[in-house]
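S.K.: Structure provided below as structure tokens; questions to follow.
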Amino acid sequence: MFNFRKLKTIRSLFQIKSIDLRMSKVVLFKSESDGPDKFVEELQKHNFTVQSITSIDFCFKNLELLSDKLNKFDDYEGIVFTSPRSIIATQKSTDNKIFEKWNDKEFNYTVGESTGKLAADLLNLSTKGQDAGNALKLSSIIVNDFTAQSATRPLLFPCGNLKQDILGKNLSEHSIKLDAVEVYDTIPHPNLEERVRRLKDEDSQFFVFFSPSSIKFSLPFINKHQLDLACINFIAIGPSTKKCLIDNNLTCYGMCEKPSPESLLNVLFLQ
Numbered sequence: 170m171f172n173f174r175k176l177k178t179i180r181s182l183f184q185i186k187s188i189d190l191r192m193s194k195v196v197l198f199k200s201e202s203d204g205p206d207k208f209v210e211e212l213q214k215h216n217f218t219v220q221s222i223t224s225i226d227f228c229f230k231n232l233e234l235l236s237d238k239l240n241k242f243d244d245y246e247g248i249v250f251t252s253p254r255s256i257i258a259t260q261k262s263t264d265n266k267i268f269e270k271w272n273d274k275e276f277n278y279t280v281g282e283s284t285g286k287l288a289a290d291l292l293n294l295s296t297k298g299q300d301a302g303n304a305l306k307l308s309s310i311i312v313n314d315f316t317a318q319s320a321t322r323p324l325l326f327p328c329g330n331l332k333q334d335i336l337g338k339n340l341s342e343h344s345i346k347l348d349a350v351e352v353y354d355t356i357p358h359p360n361l362e363e364r365v366r367r368l369k370d371e372d373s374q375f376f377v378f379f380s381p382s383s384i385k386f387s388l389p390f391i392n393k394h395q396l397d398l399a400c401i402n403f404i405a406i407g408p409s410t411k412k413c414l415i416d417n418n419l420t421c422y423g424m425c426e427k428p429s430p431e432s433l434l435n436v437l438f439l440q
């Protein structure tokens with residue numbers, strides 16, 4: 170839980186300028202949430218006005234190929250999930266009973282608490298690395314685990330077509346192999362342009378992007394409808410998203426170390 174009392178103390182010590190919560194609107198550019206959105210709920214508790222815009226959509230593919238690999242569980246040390254959609258694709262591809270076998274493995278990983286929870290809920294699969302927050306930190310955890318156990322087989326990696334190669338690159342430097350299977354395509358949400366157009370008439374202080382894809386698909390519409398970029402503070406979830414902002418000549422107001430509401434609140438209050 171976010172410690173608001175502790176935050177006030179930190180703000181006082183460092184003389185950080187206070188944010189008028191009653192006037193601050195945060196727009197979240199992310200994928201659609203299944204069930205209540207914890208980001209919206211937590212921000213609203215702290216008096217932010219919040220709007221969530223579904224910027225990306227997904228099309229599943231190669232599910233038969235993934236099913237075949239899942240049934241060859243003896244070929245792998247474990248499995249890695251870096252997005253909720255890869256877990257959903259995995260659930261669609263096979264009978265969940267197969268994960269009784271995968272649960273016996275020591276090297277099953279997820280990035281982020283929500284992805285780890287989804288793996289437990291949909292696949293009944295226990296995973297490690299949930300606190301890593303991003304692929305770079307997860308790769309360090311995997312390297313340490315593999316080194317300690319002298320593991321040699323590859324990790325199965327269901328992923329999307331726009332995956333960053335950070336995980337694979339860092340693992341390959343330590344001779345750890347990923348067997349990547351693209352199980353979904355990331356595409357713009359059909360209602361994205363209309364949702365962005367409406368923002369022109371609204372006073373939004375913060376735009377929060379959850380992935381490089383959300384920037385890639387949203388920015389052309391932001392420019393097309395001439396939103397005033399000088400009045401917007403851009404926040405990135407994770408280093409890859411921050412890099413994408415910078416590559417598009419946008420100033421990054423702050424970066425969340427983890428994909429969690431608490432990390433976002435830290436950025437909003439402490440910058």
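Following the working numbering, the numbering of the sequence shown begins with 170 at its first residue and continues without gaps. Don't be surprised by glycine CBs; every beta carbon is placed ideally from N, CA and C.
Could you give the first and the last residue of the continuous alpha helix (DSSP H) run that contains ASP397?
M.R.: For the purposes of this step, residue 397 is taken as the residue at position 228 of the sequence shown. Neither: ASP397 is in no alpha helix (DSSP H) and is coded neither H nor E.
S.K.: Whose C-alpha, out of LEU398, LYS385, ASP397 and PRO389, is nearest the C-alpha of SER409?
M.R.: One-based indexing of the sequence shown puts residue 409 at position 240. Checked all of LEU398, LYS385, ASP397 and PRO389; the closest Cα to SER409 is LYS385.
S.K.: Per DSSP, which residues does ALA349 bridge with? Please list them.
M.R.: Translated into the one-based positions of the sequence shown, residue 349 becomes position 180. According to DSSP, which records beta bridges pairwise, ALA349 is partnered with PHE326.
S.K.: By Cβ distance, which residues of its chain are closer than 6 Å to SER200, with the 5 residues on each side in sequence left out?
M.R.: In the sequence shown, counting from the first residue as 1, residue 200 sits at position 31. Excluding residues within five positions, the ones whose Cβ falls inside 6 Å are ILE225.
S.K.: Given a cut-off of 8 Å on the beta-carbon distance, is the pair LEU437 and PHE375 in contact?
M.R.: Numbered from 1 along the sequence shown, position 268 holds the residue referred to as residue 437. Numbered from 1 along the sequence shown, position 206 holds the residue referred to as residue 375. Closer than 8 Å, so yes.
S.K.: Could you tell me the alpha carbon to alpha carbon distance between SER432 and ASP348, rounded to whole angstroms?
M.R.: In the sequence shown, counting from the first residue as 1, residue 432 sits at position 263. In the sequence shown, counting from the first residue as 1, residue 348 sits at position 179. Roughly 31 Å separates the two Cα atoms.
S.K.: Less than 6 Å between C-beta atoms, sequence neighbours within five positions excluded: which residues of the same chain meet that for CYS425?
M.R.: Sequence index remark: in the sequence shown, residue 425 carries index 256 (1-based). Correct list, in chain order: ILE406, SER432, LEU433 and VAL436.
S.K.: Within 10 Å of its beta-carbon, does ILE415 have 16 or more other beta-carbons around it, so buried, or fewer, so exposed?
M.R.: Residue 415 sits at position 246 when you count from the first residue of the sequence shown. Exposed, since its Cβ has fewer than 16 Cβ neighbours within 10 Å.
S.K.: Do you know whose CA, among LEU336, LEU325 and ASP290, lies nearest SER309's CA?
M.R.: Position 140 of the sequence shown holds residue 309. Looking at the Cα atoms, LEU336 is the closest of the given residues.
S.K.: Beta-carbon separation of LEU325 and ILE248 under 8 Å?
M.R.: Indexing the sequence shown from 1 puts residue 325 at position 156. Indexing the sequence shown from 1 puts residue 248 at position 79. Result yes, Cβ atoms of LEU325 and ILE248 sit closer than 8 Å.
S.K.: Once you ignore the five residues that flank THR259 on each side, which residues in its own chain have a CB closer than 6 Å to its CB?
M.R.: To locate residue 259, count along the sequence shown from 1; it is residue 90. Excluding sequence neighbours, THR259 sits near PRO327.
S.K.: In the DSSP output, which residue or residues are listed as bridge partners for ALA317?
M.R.: As a position in the sequence shown, residue 317 is number 148, starting the count at 1. Its beta-bridge partners do not exist; DSSP assigns none.
S.K.: According to DSSP, what are the bridge partners of VAL219?
M.R.: Walking along the sequence shown from the start, residue 219 turns up at place 50. DSSP output for VAL219 lists VAL195 as bridge partner(s).
S.K.: Would you kindly check if the distance between the Cβ of VAL377 and the Cβ of VAL196 is under 8 Å?
M.R.: As a first step, residue 196 must be located in the sequence shown, where it is residue number 27. As a first step, residue 377 must be located in the sequence shown, where it is residue number 208. Yes; because the gap between Cβ atoms is below 8 Å, this pair is in contact.
S.K.: If we ignore side chains and look at the alpha-carbon of each, how far apart do LYS266 and THR223 end up?
M.R.: On the sequence shown, position 97 is the one that residue 266 refers to. On the sequence shown, position 54 is the one that residue 223 refers to. Approximately 33 Å, taken between the alpha carbons.
S.K.: Would you be able to state if there are at least three C-beta pairs under 8 Å between the segment 271-285 and the segment 305-324?
M.R.: Output reads yes: the segment 271-285 touches the segment 305-324.
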